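Asker: Per mature numbering (1 follows the signal peptide of the UniProt record, and there is no 0), the sequence shown runs over residues -25 to -1, 1 to 528.
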Amino acid sequence: MQLGKWVVDLVLIFSLLSQFSETVAETSSYSTPQPQPPICSEEDRASLLSFKASISQDTTETLSTWTGRDCCDGGWEGVECNPSTGRVNVLQIQRPGRDADATYMKGTLSPSLGNLHFLESLSLSGNHLKGQIPPTLGGLRNLAQLNLARNSLTGPIPLSFKTLINLQYLDLSHNLLSSPIPDFVGDFKNLTYLDLSSNLLTGKIPVSLFSLVNLLDLSLSYNKFAGNIPDQVGNLKSLTSLQLSGNLLTGHIPLSISRLQNLWYLNISRNCLSDPLPAIPTKGIPSLLSIDLSYNNLSLGILPDWIRSKQLKDVHLAGCKLKGDLPHFTRPDSLSSIDLSDNYLVDGISNFFTNMSSLQKVKLSNNQLRFDISEIKLPTELSSIDLHANLLVGSLSTIINDRTSSSLEVIDVSNNFISGHIPEFVEGSSLKVLNLGSNNISGSIPISISNLINLERLDISRNHILGTIPSSLGQLLKLLWLDVSINGLTGQIPSSLSQITGLKHANFRANRLCGEIPQSRPFNIFRPVAYIHNLCLCGKPLQPCKKQWSMGQ
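In structure tokens form, the structure reads like this:
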């Protein structure tokens, strides 16, 4: 009995103690104030407001959110802070390229940005910022990412940037920067991404760049770099993408490029590189998927084995003086895009597309290919075919039909000897560009052309097309370019074409058209040359119509 009572008393004591501790904990939680995130530094706020003051126009309306005392409360768009210190560590205002004309900022880069000492990421891309890059940005020693792409910045890359040794990402592309690349860029040992393309940079590519062993992506395209591609390019063991196109580079492509085990994208087109190509082993550049050597001073003759035998996705060898038959690829099923235009290829089309099950774009223009276009079988996934300026004959039946209508977006077979009629167009067509100009096509424009609701460019000029312009053409509301010149078209220009308000170019000259030109924009403001050499067209921009035409009779 005594023992039982003692146990009960003990349990009761522990229960009371437990309740007491919970009560104390609850009281403590109510009485102890929780730590509040700090508001932003007054120095950082002042720097941001100075940047805001340097912007003369902001159609993005981003800066209109920069109000109030606390720039770290999440209300200042594009600004982020370290929650433990209250210092600004991210400033990111980026606009997508497609919206650049509609949303932008005009102004300059304020030197005050250099006072954001804790900044780790600075991205001000796709705006209309002008002037030079402030040297004060060199003081941002914590910066890991710097993106000032797609502006109108001028002058050199500041020498003060040599202190930005923590940079991992540097994008200054699509500006107007000039002068050579400073050697100190080779000291950015953490750099994985470097894009200086589409500027006015000059001089040689500094050898120091090729000590950046962590670099994954290097783009120096469309500048004014001269000299050779340094042999040290083979030291970039991590490199996956190399873009040097659109420069003034000379000499040979270095053999050391074959040591780039991770390289999958290589574009050195539009330079002055010359023969011979390096004797790259078949197993060299094992990760390569895309290659572009177009428009250099190369005379390849036939396709090199190390290109022909690889499992490539894109092969662009335009203007490389290829001769003879179209090449036979060992792994045609992997190919997605082929450009062999501006060469001297003459034959081999009959088996060329065999097993190209993944092919989406092919460009074989400006060769000497001679074949009947009605006998080729196109891959089912093909979205763009450009065969202009060859010696093609036959009809369009295998290119424009039910099977190809849903996939093909671009057809250019202009400047050939194609005959027959324009086929009927079915509903559901994806066509955006149809260029049949300068052939021997006859017949009339089919009324079913109205099914090409996505069409942006139509060129049937310089053929033998008769009949009237169908009023259904006015249903192509996305049309930007229309050329029906130098045919035998009769009747009037349909008033329904006035519905195509976005038309930028139209040409009706040298037909047998008559009557009043549609008196609405843009037709009444095109130049007179767009309408000359017809039977009796009148109205602006030509001479006024006689009474019966102006009354619509």
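Backbone N, C-alpha and C define an ideal beta-carbon position, used for all residues, glycine too. All of these numbers come straight from a predicted model, not from anything done at the bench.
Provide the residue(s) that pair with residue 432 in DSSP beta bridges, ordered along the chain.
Answerer: Here the question's residue 432 lines up with position 457 in the sequence shown. Residue 432 is bridged to 408, 456.
Asker: Should residue 404 and residue 380 be called a contact, given that it needs their Cβ atoms to be closer than 7 angstroms?
Answerer: For this step, residue 404 is matched to residue 429 along the sequence shown. For this step, residue 380 is matched to residue 405 along the sequence shown. Yes, they are a contact pair.
Asker: How do the stretch 131 to 144 and the stretch 153 to 165 stand: do at least 3 beta-carbon pairs fall below 8 angstroms, yes or no?
Answerer: The stretch 131 to 144 vs the stretch 153 to 165: in contact.
Asker: Is the beta carbon of residue 511 sitting closer than 7 angstroms to the one on residue 491?
Answerer: In the sequence shown, counting from the first residue as 1, residue 511 sits at position 536. In the sequence shown, counting from the first residue as 1, residue 491 sits at position 516. No, the pair does not count as a contact, with Cβ atoms beyond the cut-off.
Asker: When the Cα of residue 186 is compared with those of 213, 172, 194, 175, which residue comes out closest?
Answerer: Stepping through the sequence shown from its first residue, residue 186 is reached at position 211. Nearest option by C-alpha distance: 213.
Asker: In the DSSP output, which residue or residues are listed as bridge partners for residue 68?
Answerer: Counting from 1 along the sequence shown, the entry for residue 68 is found at position 93. In DSSP, residue 68 forms a bridge with 99.
Asker: With DSSP run on the structure shown, which of helix, strand or coil describes residue 201?
Answerer: Numbered from 1 along the sequence shown, position 226 holds the residue referred to as residue 201. In this structure, residue 201 counts as strand in the three-state DSSP scheme.
Asker: Can you give the Cα-Cα distance for residue 445 and residue 513, rounded to whole angstroms?
Answerer: Walking along the sequence shown from the start, residue 445 turns up at place 470. Walking along the sequence shown from the start, residue 513 turns up at place 538. Computed Cα separation, rounded: 19 angstroms.
Asker: Hey, could you find the ends of the alpha helix (DSSP H) residue 491 is sitting in?
Answerer: Working through the sequence shown from its first residue, we reach residue 491 at position 516. Segment 487 to 491 is the beta strand (DSSP E) holding residue 491; no alpha helix (DSSP H) there.
Asker: Start and end of the beta strand (DSSP E) containing residue 361?
Answerer: Against the sequence shown, residue 361 aligns to sequence position 386. 359 to 361 is the extent of the beta strand (DSSP E) around residue 361.
Asker: Of all the beta strand (DSSP E) runs that stay within the bounds of the stretch 263 to 317, which reach a length of 3 or more residues?
Answerer: Qualifying beta strand (DSSP E) stretches, in chain order: 265 to 267, 289 to 291, 298 to 300, 312 to 314.
Asker: Would residue 150 and residue 121 qualify as a contact pair, given that the criterion is a beta-carbon distance under 7 angstroms?
Answerer: Counting from 1 along the sequence shown, the entry for residue 150 is found at position 175. Counting from 1 along the sequence shown, the entry for residue 121 is found at position 146. Against a cut-off of 7 angstroms, the Cβ pair of residue 121 and residue 150 comes out as no contact.
Asker: Closest by CA to residue 439, which one among 422, 431, 56, 414?
Answerer: As a working note, residue 439 is residue 464 in the sequence shown. Ranking 422, 431, 56, 414 by Cα distance to residue 439 puts 414 first.
Asker: Which of helix, strand or coil does DSSP assign to residue 192?
Answerer: Numbered from its first residue, the sequence shown carries residue 192 at position 217. Here residue 192 sits in strand by DSSP.
Asker: For residue 285, count neighbouring Cβ atoms within 10 angstroms of its own Cβ and tell me buried if that reaches 16, exposed if not.
Answerer: As a working note, residue 285 is residue 310 in the sequence shown. When all chains shown are included, residue 285 counts as buried.
Asker: In chain order, what residues of the same chain lie with their CB nearer than 7 angstroms to the CB of residue 270, ignoring the 5 residues before and after it?
Answerer: On the sequence shown, residue 270 is found 295 positions in, with the first residue counted as 1. So the qualifying residues of the chain are 244, 245, 293, 294.
Asker: Give a yes or no on contact between the stretch 41 to 58 and the stretch 82 to 91, applying the rule of three or more CB pairs nearer than 8 angstroms.
Answerer: Too few Cβ pairs lie closer than 8 angstroms, so no.
Asker: Which residue wins for smallest C-alpha separation from residue 57, given the options 14, 27, 24, 341?
Answerer: For this step, residue 57 is matched to residue 82 along the sequence shown. Of 14, 27, 24, 341, the residue nearest in Cα terms is 14.
Asker: In three-state DSSP terms, what is residue 127?
Answerer: Counting from 1 along the sequence shown, the entry for residue 127 is found at position 152. Here residue 127 sits in strand by DSSP.
Asker: Are the stretch 162 to 171 and the stretch 190 to 205 in contact at 8 angstroms, needing three or more beta carbon pairs?
Answerer: Yes: at least three Cβ pairs fall under 8 angstroms.
Asker: What does DSSP give as the partner residue(s) for residue 33 in the beta ladder?
Answerer: Stepping through the sequence shown from its first residue, residue 33 is reached at position 58. Answer is 80, bridged to residue 33.
Asker: Ordered along the chain, which non-local residues of its own chain (more than five positions away) have a Cβ less than 8 angstroms from that of residue 382?
Answerer: To locate residue 382, count along the sequence shown from 1; it is residue 407. Only 355, 356, 357, 358, 405 meet the Cβ criterion.
Asker: Near residue -5, which residues of its chain fall below 8 angstroms by C-beta distance, leaving aside the five closest residues on each side in sequence?
Answerer: Indexing the sequence shown from 1 puts residue -5 at position 21. Confidence is the limiting factor: at residue -5 the pLDDT is only 43, short of 50, which leaves the residue's position unreliable and the question unanswerable from this model.
Asker: If you draw a straight line from the C-alpha of residue 31 to the C-alpha of residue 39, how long is it?
Answerer: Locating residue 31 in the sequence shown gives position 56, counting from the first residue. Locating residue 39 in the sequence shown gives position 64, counting from the first residue. Residue 31 and residue 39: Cα-Cα distance of roughly 12 angstroms.
Asker: Excluding the five sequence neighbours on either side, which residues of its own chain have a C-beta within less than 6 angstroms of the C-beta of residue 532, listed in chain order?
Answerer: Here the chain covers residues -25 to 528 and nothing more, so residue 532 does not appear.
Asker: In the DSSP assignment, find the alpha helix (DSSP H) that holds residue 24 and state where it starts and stops.
Answerer: Residue 24 sits at position 49 when you count from the first residue of the sequence shown. Here the alpha helix (DSSP H) through residue 24 covers 17 to 28.
Asker: Taking C-beta to C-beta, are residue 153 and residue 124 nearer than 7 angstroms?
Answerer: Looking up residue 153 in the sequence shown gives position 178. Looking up residue 124 in the sequence shown gives position 149. In this structure, residue 124 does not lie closer than 7 angstroms to residue 153 by Cβ.
Asker: Roughly how many whole angstroms lie between the Cα atoms of residue 483 and residue 459?
Answerer: Your numbering for residue 483 matches position 508 in the sequence shown. Your numbering for residue 459 matches position 484 in the sequence shown. Between residue 483 and residue 459, the C-alpha separation is close to 5 angstroms.
Asker: Roughly how many angstroms lie between the CA atoms of residue 430 and residue 242, to the nearest whole one?
Answerer: Residue mapping note: residue 430 aligns to position 455 of the sequence shown, counting from 1. Residue mapping note: residue 242 aligns to position 267 of the sequence shown, counting from 1. Computed Cα separation, rounded: 31 angstroms.
Asker: On the CB-based measure, 16 or more other CB atoms within 10 Å of its CB, does residue 363 come out buried or exposed?
Answerer: As a first step, residue 363 must be located in the sequence shown, where it is residue number 388. Residue 363 should be labelled buried.
Asker: Measure the C-alpha to C-alpha separation of residue 371 and residue 399 and round it to an integer number of angstroms.
Answerer: Within the sequence shown, the letter at position 396 stands for residue 371. Within the sequence shown, the letter at position 424 stands for residue 399. For residue 371 and residue 399, the distance between alpha carbons rounds to 10 angstroms.
Asker: What do you reckon, are the CB atoms on residue 361 and residue 340 nearer than 7 angstroms?
Answerer: For the purposes of this step, residue 361 is identified with residue 386 of the sequence shown, where counting begins at 1. For the purposes of this step, residue 340 is identified with residue 365 of the sequence shown, where counting begins at 1. In contact: residue 361 and residue 340 (Cβ atoms closer than 7 angstroms).
Asker: Alpha carbon to alpha carbon, how far is residue 267 from residue 297?
Answerer: Position 292 of the sequence shown, counting from 1, holds the residue named residue 267. Position 322 of the sequence shown, counting from 1, holds the residue named residue 297. If you take the alpha carbons of residue 267 and residue 297, they lie about 14 angstroms apart.
Asker: What does DSSP give as the partner residue(s) for residue 242 in the beta ladder?
Answerer: Position 267 of the sequence shown holds residue 242. Answer is 218, 267, bridged to residue 242.
Asker: In terms of DSSP beta bridges, what is residue 465 paired with?
Answerer: Here residue 465 refers to the residue found at position 490 of the sequence shown. Beta-bridge pairing links residue 465 to 443, 487.
Asker: Per the DSSP calculation, residue 212 is bridged to which residue(s)?
Answerer: For the purposes of this step, residue 212 is taken as residue 237 along the sequence shown, with counting starting at 1. None, per the DSSP bridge assignment.
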